[in-house]
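Data block below; observations after.
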Amino acid sequence: MTCIINCLPLNDDERKAFREAAGDVRQEFVGDLSTRRNISWSAEVPENLREETTAVIGNAPVEQLAECPKLQWLQTFSAGVDSYLKPGALAQGVRVTSASGAYGHAVAEHMFAMTLALLKDLPLYRDQQHDRRWKPSGHVGTLDGANVAILGTGDIGAHYARLCRACGSRTIGVRRNAAVAVDGIDDMHSFEELDAVLQVADVVALALPSTPETRHIINAERLRLMSNNAMVINAGRGDAIDCDALADALKGGDISCAGLDVTDPEPLPSEHPLWGESRCLITPHIAGGTHLKSTADRIIAIALDNVRNYVSGQALSNRMR
1 MTCIINCLPL NDDERKAFRE AAGDVRQEFV GDLSTRRNIS WSAEVPENLR EETTAVIGNA
61 PVEQLAECPK LQWLQTFSAG VDSYLKPGAL AQGVRVTSAS GAYGHAVAEH MFAMTLALLK
121 DLPLYRDQQH DRRWKPSGHV GTLDGANVAI LGTGDIGAHY ARLCRACGSR TIGVRRNAAV
181 AVDGIDDMHS FEELDAVLQV ADVVALALPS TPETRHIINA ERLRLMSNNA MVINAGRGDA
241 IDCDALADAL KGGDISCAGL DVTDPEPLPS EHPLWGESRC LITPHIAGGT HLKSTADRII
301 AIALDNVRNY VSGQALSNRM R
(Lines of atoms letter the chains of each structure in order from A and count residues from 1; the text may use other names and numbers.)
(Lines give C-alpha, C1' and ligand atoms only; values in the text may rest on other atoms or scores of the structure.)
Protein backbone atom coordinates (compact mmCIF):
# COMPACT_ATOMS: atom_id res chain seq x y z
CA MET A 1 0.00 0.00 0.00
CA THR A 2 1.32 3.45 -1.00
CA CYS A 3 1.70 6.06 1.75
CA ILE A 4 3.07 9.56 1.17
CA ILE A 5 4.38 11.50 4.17
CA ASN A 6 4.09 15.19 3.35
CA CYS A 7 6.25 17.35 5.63
CA LEU A 8 5.68 20.68 3.86
CA PRO A 9 4.18 23.54 5.93
CA LEU A 10 0.99 23.86 3.88
CA ASN A 11 -2.18 25.89 4.25
CA ASP A 12 -5.63 24.35 3.77
CA ASP A 13 -5.86 25.17 0.06
CA GLU A 14 -2.43 23.69 -0.61
CA ARG A 15 -3.28 20.50 1.28
CA LYS A 16 -6.42 20.22 -0.80
CA ALA A 17 -4.33 20.51 -3.98
CA PHE A 18 -2.00 17.76 -2.78
CA ARG A 19 -4.96 15.51 -1.90
CA GLU A 20 -6.37 16.00 -5.37
CA ALA A 21 -2.97 15.31 -6.94
CA ALA A 22 -2.60 12.05 -4.98
CA GLY A 23 -6.12 10.84 -5.74
CA ASP A 24 -6.87 7.65 -3.84
CA VAL A 25 -3.29 7.31 -2.60
CA ARG A 26 -2.96 7.76 1.15
CA GLN A 27 -1.18 10.96 2.15
CA GLU A 28 -0.34 12.01 5.72
CA PHE A 29 0.32 15.71 6.31
CA VAL A 30 2.80 16.19 9.16
CA GLY A 31 4.09 19.69 8.36
CA ASP A 32 3.35 22.63 10.63
CA LEU A 33 2.05 25.75 8.86
CA SER A 34 3.36 27.94 11.70
CA THR A 35 6.91 27.18 10.49
CA ARG A 36 6.19 28.48 6.97
CA ARG A 37 8.02 31.73 7.66
CA ASN A 38 11.09 29.95 9.00
CA ILE A 39 14.17 30.36 6.83
CA SER A 40 14.81 26.61 6.97
CA TRP A 41 11.93 24.15 7.05
CA SER A 42 12.10 20.99 9.14
CA ALA A 43 10.90 17.49 8.30
CA GLU A 44 10.17 14.50 10.51
CA VAL A 45 8.69 11.12 9.59
CA PRO A 46 6.54 10.06 12.57
CA GLU A 47 7.86 6.86 14.10
CA ASN A 48 4.47 5.12 13.92
CA LEU A 49 4.30 5.68 10.13
CA ARG A 50 7.80 4.65 9.07
CA GLU A 51 6.96 0.99 8.46
CA GLU A 52 4.37 1.90 5.82
CA THR A 53 5.97 5.01 4.29
CA THR A 54 6.67 4.73 0.56
CA ALA A 55 7.34 8.41 -0.21
CA VAL A 56 8.53 11.43 1.77
CA ILE A 57 8.24 15.08 0.81
CA GLY A 58 10.80 17.00 2.84
CA ASN A 59 14.38 16.77 4.05
CA ALA A 60 13.84 14.15 6.71
CA PRO A 61 16.92 12.92 8.61
CA VAL A 62 18.74 10.08 6.88
CA GLU A 63 18.43 7.90 9.98
CA GLN A 64 14.64 8.22 9.88
CA LEU A 65 14.52 7.31 6.20
CA ALA A 66 16.63 4.25 6.95
CA GLU A 67 13.74 3.09 9.16
CA CYS A 68 11.31 3.23 6.22
CA PRO A 69 11.74 -0.23 4.61
CA LYS A 70 9.18 0.45 1.85
CA LEU A 71 10.57 3.84 0.84
CA GLN A 72 10.50 4.38 -2.93
CA TRP A 73 10.86 8.12 -3.37
CA LEU A 74 12.21 11.19 -1.55
CA GLN A 75 11.32 14.71 -2.69
CA THR A 76 13.49 17.29 -0.92
CA PHE A 77 12.61 20.93 -0.41
CA SER A 78 16.27 21.81 -0.98
CA ALA A 79 18.13 22.10 -4.28
CA GLY A 80 21.09 20.19 -2.85
CA VAL A 81 20.70 16.51 -1.94
CA ASP A 82 24.32 15.69 -1.05
CA SER A 83 23.59 13.90 2.22
CA TYR A 84 21.07 11.56 0.57
CA LEU A 85 23.42 10.56 -2.25
CA LYS A 86 26.25 9.37 -0.04
CA PRO A 87 26.92 5.64 -0.31
CA GLY A 88 24.64 3.73 2.05
CA ALA A 89 22.52 6.74 3.00
CA LEU A 90 19.41 5.40 1.28
CA ALA A 91 18.49 1.91 0.17
CA GLN A 92 19.27 0.92 -3.38
CA GLY A 93 16.48 1.90 -5.74
CA VAL A 94 15.10 4.83 -3.72
CA ARG A 95 14.50 7.70 -6.14
CA VAL A 96 15.60 11.17 -5.03
CA THR A 97 14.24 14.38 -6.51
CA SER A 98 15.13 17.93 -5.53
CA ALA A 99 13.62 21.40 -5.56
CA SER A 100 16.17 22.58 -8.10
CA GLY A 101 14.75 25.58 -9.91
CA ALA A 102 13.08 27.05 -6.86
CA TYR A 103 16.08 28.96 -5.56
CA GLY A 104 17.65 30.58 -8.63
CA HIS A 105 15.84 33.88 -8.21
CA ALA A 106 16.72 34.34 -4.52
CA VAL A 107 20.33 33.10 -4.58
CA ALA A 108 21.24 34.92 -7.78
CA GLU A 109 19.89 38.22 -6.46
CA HIS A 110 21.92 37.75 -3.27
CA MET A 111 25.06 37.11 -5.32
CA PHE A 112 24.29 40.15 -7.47
CA ALA A 113 23.75 42.32 -4.39
CA MET A 114 27.10 41.16 -2.98
CA THR A 115 28.80 41.93 -6.28
CA LEU A 116 27.49 45.50 -6.44
CA ALA A 117 28.11 46.11 -2.74
CA LEU A 118 31.76 45.15 -3.11
CA LEU A 119 32.21 47.07 -6.36
CA LYS A 120 30.89 50.21 -4.67
CA ASP A 121 32.75 49.69 -1.34
CA LEU A 122 29.49 49.55 0.64
CA PRO A 123 30.89 47.24 3.38
CA LEU A 124 33.67 49.76 3.96
CA TYR A 125 31.19 52.60 4.31
CA ARG A 126 29.10 50.55 6.73
CA ASP A 127 32.22 50.04 8.85
CA GLN A 128 32.96 53.76 8.69
CA GLN A 129 29.41 54.55 9.73
CA HIS A 130 29.90 52.59 12.94
CA ASP A 131 32.97 54.77 13.62
CA ARG A 132 31.08 57.94 12.60
CA ARG A 133 33.63 58.65 9.86
CA TRP A 134 32.86 60.57 6.64
CA LYS A 135 35.60 59.59 4.20
CA PRO A 136 35.34 58.71 0.49
CA SER A 137 37.13 55.50 -0.45
CA GLY A 138 38.21 56.64 -3.91
CA HIS A 139 37.65 54.83 -7.17
CA VAL A 140 34.98 52.13 -7.40
CA GLY A 141 34.22 49.42 -9.94
CA THR A 142 31.41 48.72 -12.38
CA LEU A 143 29.82 45.73 -14.08
CA ASP A 144 29.59 47.67 -17.33
CA GLY A 145 32.20 46.08 -19.59
CA ALA A 146 33.35 43.59 -16.93
CA ASN A 147 34.17 39.96 -17.69
CA VAL A 148 32.02 37.90 -15.30
CA ALA A 149 33.01 34.22 -15.09
CA ILE A 150 30.28 31.97 -13.69
CA LEU A 151 31.24 28.49 -12.51
CA GLY A 152 28.09 26.41 -12.60
CA THR A 153 25.45 27.57 -15.07
CA GLY A 154 22.33 25.89 -13.73
CA ASP A 155 19.31 27.79 -12.50
CA ILE A 156 21.28 30.00 -10.08
CA GLY A 157 24.24 30.67 -12.36
CA ALA A 158 22.07 31.45 -15.36
CA HIS A 159 19.89 33.87 -13.38
CA TYR A 160 22.97 35.66 -12.03
CA ALA A 161 24.40 35.86 -15.55
CA ARG A 162 21.27 37.59 -16.83
CA LEU A 163 21.43 40.16 -14.04
CA CYS A 164 25.09 40.93 -14.78
CA ARG A 165 24.56 41.07 -18.52
CA ALA A 166 21.75 43.58 -18.02
CA CYS A 167 24.40 45.84 -16.48
CA GLY A 168 26.67 45.55 -19.53
CA SER A 169 28.86 42.62 -18.48
CA ARG A 170 30.28 39.96 -20.76
CA THR A 171 29.27 36.66 -19.16
CA ILE A 172 31.53 33.62 -19.40
CA GLY A 173 30.09 30.29 -18.32
CA VAL A 174 32.07 27.29 -17.12
CA ARG A 175 30.36 23.90 -17.04
CA ARG A 176 31.07 20.22 -17.71
CA ASN A 177 29.55 20.26 -21.19
CA ALA A 178 30.51 23.49 -22.92
CA ALA A 179 28.41 22.55 -25.97
CA VAL A 180 25.19 23.25 -24.04
CA ALA A 181 24.03 26.85 -24.50
CA VAL A 182 22.53 28.70 -21.52
CA ASP A 183 20.37 31.81 -21.65
CA GLY A 184 22.35 34.73 -20.29
CA ILE A 185 25.80 33.31 -21.06
CA ASP A 186 27.78 34.97 -23.85
CA ASP A 187 30.64 32.44 -24.02
CA MET A 188 30.70 28.91 -22.65
CA HIS A 189 33.80 26.94 -21.65
CA SER A 190 34.56 23.58 -20.10
CA PHE A 191 36.32 23.09 -16.76
CA GLU A 192 39.42 22.09 -18.73
CA GLU A 193 39.58 25.74 -19.84
CA LEU A 194 39.05 27.19 -16.36
CA ASP A 195 42.63 28.42 -15.85
CA ALA A 196 42.46 30.50 -19.02
CA VAL A 197 39.06 31.91 -18.05
CA LEU A 198 40.28 32.97 -14.60
CA GLN A 199 43.05 35.05 -16.12
CA VAL A 200 40.59 37.35 -17.94
CA ALA A 201 37.81 37.48 -15.32
CA ASP A 202 36.97 40.60 -13.35
CA VAL A 203 34.38 38.68 -11.30
CA VAL A 204 34.51 34.95 -10.55
CA ALA A 205 31.13 33.73 -9.28
CA LEU A 206 30.57 30.17 -8.06
CA ALA A 207 27.23 28.36 -8.00
CA LEU A 208 28.55 24.80 -7.85
CA PRO A 209 27.38 21.63 -6.11
CA SER A 210 29.65 19.81 -3.66
CA THR A 211 31.44 17.00 -5.49
CA PRO A 212 34.96 15.54 -5.35
CA GLU A 213 35.67 17.39 -8.61
CA THR A 214 34.54 20.79 -7.34
CA ARG A 215 36.16 20.64 -3.89
CA HIS A 216 38.68 23.51 -3.65
CA ILE A 217 38.35 24.16 -7.37
CA ILE A 218 39.43 27.67 -6.39
CA ASN A 219 42.71 27.10 -4.56
CA ALA A 220 45.91 29.05 -3.98
CA GLU A 221 47.26 28.32 -7.45
CA ARG A 222 44.09 29.46 -9.19
CA LEU A 223 43.76 32.56 -7.03
CA ARG A 224 47.23 33.57 -8.23
CA LEU A 225 46.02 33.28 -11.83
CA MET A 226 43.43 35.99 -11.26
CA SER A 227 43.94 39.71 -11.69
CA ASN A 228 44.69 41.57 -8.47
CA ASN A 229 41.53 43.57 -9.25
CA ALA A 230 39.37 40.44 -9.48
CA MET A 231 36.46 39.65 -7.17
CA VAL A 232 35.30 36.20 -5.99
CA ILE A 233 31.66 35.46 -5.11
CA ASN A 234 30.44 32.11 -3.73
CA ALA A 235 26.86 31.11 -2.95
CA GLY A 236 26.98 27.49 -4.09
CA ARG A 237 28.84 25.16 -1.75
CA GLY A 238 31.51 26.37 0.66
CA ASP A 239 34.06 23.69 -0.16
CA ALA A 240 34.43 24.97 -3.74
CA ILE A 241 36.90 27.52 -2.32
CA ASP A 242 39.91 26.90 -0.10
CA CYS A 243 39.10 29.57 2.49
CA ASP A 244 42.61 29.54 3.98
CA ALA A 245 44.06 30.21 0.52
CA LEU A 246 41.43 32.91 -0.05
CA ALA A 247 42.43 34.67 3.18
CA ASP A 248 46.09 34.60 2.09
CA ALA A 249 45.18 35.93 -1.37
CA LEU A 250 43.24 38.84 0.09
CA LYS A 251 45.99 39.66 2.58
CA GLY A 252 48.63 39.52 -0.14
CA GLY A 253 46.64 41.57 -2.63
CA ASP A 254 46.41 38.74 -5.16
CA ILE A 255 42.70 39.55 -5.61
CA SER A 256 40.61 42.58 -4.74
CA CYS A 257 37.73 41.28 -2.62
CA ALA A 258 35.36 38.40 -1.93
CA GLY A 259 31.72 37.82 -1.07
CA LEU A 260 30.83 34.55 0.64
CA ASP A 261 27.43 33.20 1.62
CA VAL A 262 28.98 29.76 2.15
CA THR A 263 32.32 28.75 3.64
CA ASP A 264 34.46 25.71 4.38
CA PRO A 265 34.12 24.85 7.20
CA GLU A 266 30.74 26.37 7.92
CA PRO A 267 30.64 28.47 9.95
CA LEU A 268 34.27 29.53 9.93
CA PRO A 269 36.12 29.17 13.24
CA SER A 270 36.06 32.39 15.22
CA GLU A 271 39.80 32.79 14.78
CA HIS A 272 39.73 32.47 10.99
CA PRO A 273 41.34 35.51 9.31
CA LEU A 274 38.46 35.99 6.87
CA TRP A 275 36.27 37.28 9.72
CA GLY A 276 38.58 40.24 10.17
CA GLU A 277 39.27 40.86 6.48
CA SER A 278 37.68 44.19 5.54
CA ARG A 279 37.54 43.22 1.86
CA CYS A 280 35.57 40.04 2.53
CA LEU A 281 31.77 40.25 2.88
CA ILE A 282 30.33 37.20 4.71
CA THR A 283 26.67 36.26 5.12
CA PRO A 284 25.52 33.16 7.05
CA HIS A 285 24.29 30.88 4.25
CA ILE A 286 21.04 32.77 3.84
CA ALA A 287 20.95 33.44 0.08
CA GLY A 288 18.62 30.47 -0.36
CA GLY A 289 16.14 29.31 2.24
CA THR A 290 12.60 30.61 1.96
CA HIS A 291 13.21 34.30 2.52
CA LEU A 292 11.26 35.06 -0.65
CA LYS A 293 7.63 34.00 -0.82
CA SER A 294 8.15 33.02 -4.45
CA THR A 295 10.79 30.49 -3.38
CA ALA A 296 8.38 28.73 -1.02
CA ASP A 297 5.66 28.79 -3.66
CA ARG A 298 7.99 27.25 -6.22
CA ILE A 299 9.14 24.50 -3.83
CA ILE A 300 5.53 23.55 -3.24
CA ALA A 301 4.71 23.65 -6.98
CA ILE A 302 7.63 21.32 -7.79
CA ALA A 303 6.57 18.85 -5.10
CA LEU A 304 2.92 18.99 -6.19
CA ASP A 305 3.85 18.25 -9.79
CA ASN A 306 5.96 15.29 -8.70
CA VAL A 307 3.15 13.86 -6.55
CA ARG A 308 1.06 13.75 -9.71
CA ASN A 309 3.93 12.04 -11.52
CA TYR A 310 4.47 9.56 -8.69
CA VAL A 311 0.90 8.35 -8.37
CA SER A 312 0.43 8.14 -12.16
CA GLY A 313 3.70 6.30 -12.76
CA GLN A 314 5.17 9.11 -14.86
CA ALA A 315 8.83 10.17 -14.82
CA LEU A 316 9.73 12.34 -11.83
CA SER A 317 11.08 15.85 -12.43
CA ASN A 318 14.41 17.01 -10.97
CA ARG A 319 15.57 13.46 -10.46
CA MET A 320 19.00 13.30 -8.84
CA ARG A 321 19.09 9.51 -8.38
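Under this note's numbering, think of the first position of the sequence shown as 1, with each following residue one higher. The beta carbon of each residue, even a glycine, is placed where N, CA and C say it ideally should be.
Those residues which DSSP pairs with residue i across a bridge
i	result
Trp73	Ala55 and Arg95
Met226	Bridge partners of Met226: none, in fact.
Cys280	Ala258
Ala205	Ile150 and Ile233
Phe29	Asn6
Ile170	What sits at residue 170 in the sequence shown is Arg, not Ile. Asn147, per the DSSP bridge assignment.
Arg319	Thr97
Asp187	Ile172
Status (buried if at least 16 other CB within 10 Å, exposed otherwise) for residue i
i	result
Ala315	exposed
Gly41	The residue you asked about is not Gly; residue 41 is Trp in the sequence shown. With 16 or more other Cβ atoms within 10 Å, it is buried.
Val140	exposed
Ile57	buried
Val148	buried
Val45	buried
Asp239	buried
Gln92	exposed
Ser137	exposed
Any non-hydrogen atom of the ligand SAH within 6 Å of residue i CB
i	result
Thr35	No copy of the ligand SAH appears in this structure; indeed no ligand is present at all.
Same chain only: Cβ atoms within 8 Å of residue i, ignoring 5 sequence neighbours per side
i	result
Leu143	Thr115, Leu116, Leu119, Cys164, Cys167, Gly168, Ser169 and Val203
Leu85	Val96, Met320 and Arg321
Leu281	Met114, Ala117, Leu118, Pro123, Cys257, Ala258, Gly259 and Leu260
Close Cβ partners of residue i (< 7 Å) along its chain, the five nearest in sequence each way excluded
i	result
Asp13	none
Asn59	Ala43, Thr76, Phe77 and Ser78
Asn219	Asp242 and Ala245
Asp32	Pro9
Helix, strand or coil at residue i according to DSSP, with G and I counted as helix
i	result
Glu213	coil
Cys257	strand
Asn6	strand
Asp82	helix
Glu221	helix
Asp297	helix
Arg176	coil
Ile241	strand
Tyr103	coil
Cutoff 6 Å; reference residue i; Cβ partners in own chain excluding five residues on either side
i	result
Ile156	Gly104, Val107, Ala108 and Ala207
His216	Asp242
Thr214	Leu208 and Ala240
Cys3	Arg26, Glu52, Thr53 and Thr54
Contact the segment 88-96 vs the segment 70-79: 3+ CB pairs below 8 Å: yes
The segment 263-270 touching the segment 101-116, judged by at least three CB pairs closer than 8 Å: no
Inter-stretch contact at 8 Å, needing at least 3 Cβ pairs: the segment 62-73 / the segment 43-53: yes
Segment contact, 8 Å Cβ cut-off, at least three pairs: the segment 222-235 with the segment 169-182: no
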